[in-house]
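Chemist:
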Amino acid sequence: ALEFLIRLVKDSIDTKKYNSLKHKTDRVAYLRALSVNTLINDTVKIFSKNEEKILNGEFTKTLLSESVFKAQMEDIIDISVKKVYNSKEVIEKELKGYQVIHKLLSVFIKAAVNNQSDNTTALDDLVLASLPKTYIHKEGDLYNQLLDISCFVASLTDGNALEWYNKIS
Numbered sequence: 109a110l111e112f113l114i115r116l117v118k119d120s121i122d123t124k125k126y127n128s129l130k131h132k133t134d135r136v137a138y139l140r141a142l143s144v145n146t147l148i149n150d151t152v153k154i155f156s157k158n159e160e161k162i163l164n165g166e167f168t169k170t171l172l173s174e175s176v177f178k179a180q181m182e183d184i185i186d187i188s189v190k191k192v193y194n195s196k197e198v199i200e201k202e203l204k205g206y207q208v209i210h211k212l213l214s215v216f217i218k219a220a221v222n223n224q225s226d227n228t229t230a231l232d233d234l235v236l237a238s239l240p241k242t243y244i245h246k247e248g249d250l251y252n253q254l255l256d257i258s259c260f261v262a263s264l265t266d267g268n269a270l271e272w273y274n275k276i277s
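To convert, note that position 111 of the sequence shown is 219 in our numbering; the numbers rise steadily by one, no gaps.
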């Protein structure tokens, strides 16, 4: 990963500072900060050059597609997908995330459906009582009730979703 970042910031790197960093994580952090700065400056130049087209809705590409660093960005994205997003740890977290969402939707939807048909269980009543009232209503059609529940689940942060999952599991 270091070589990809170095190629991106080769004109702005302070080699003395870089060589003084003993740990790989420190070197990556330094190169990452330089890379972000380099890309922001390049993006500002591209925006300024194309501002009129952008504001008139005539600029139909991404700003980075016009970047002098386009090839380096593509290399970094490719390695990120291969090494980071497909790592065992990331995949395990994604699997857990899907389990959490599935459980929340299953429990909340069952409670809402039973609530609409006046057939709630004790668990359904507890679930409905714990949800924010803006998301639970007996009146109206089931479609809108389910849409509201989906919106509630979608609005949860990872931490809040996990908290709810632990409450109802």
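Backbone N, C-alpha and C define an ideal beta-carbon position, used for all residues, glycine too.
Since the model is a prediction, treat every value here as computed from it, not as a measurement.
Sort Asp119, Ile276, Leu163 by Cα distance to Thr146 and report the nearest one.
Modeler: Asp119
Chemist: In whole angstroms, what separates the C-alpha of Ile257 from that of Thr133?
Modeler: 42 Å
Chemist: Terminal residues of the continuous alpha helix (DSSP H) containing Asn244?
Modeler: The question names Asn, but residue 244 in the sequence shown is Ile. No alpha helix (DSSP H) holds Ile244; DSSP gives it neither H nor E.
Chemist: Ignoring anything shorter than 3 residues or poking outside the region 167 to 209, list the beta strand (DSSP E) runs there in chain order.
Modeler: none
Chemist: Run the CB neighbour count on Phe155, radius 10 Å, all protein chains shown included, and call it buried at 16 or more, exposed below.
Modeler: exposed
Chemist: Quick one: using the 10 Å Cβ neighbour count with 16 as the cut-off for buried, is Gln180 buried or exposed?
Modeler: buried
Chemist: Tell me the residue span of the alpha helix (DSSP H) that contains Ile121.
Modeler: Here Ile121 belongs to no alpha helix (DSSP H), and DSSP marks it neither H nor E.
Chemist: For Gly165, does the three-state DSSP call read helix, strand or coil?
Modeler: coil
Chemist: Quick check on DSSP: helix, strand or coil for Thr265?
Modeler: coil
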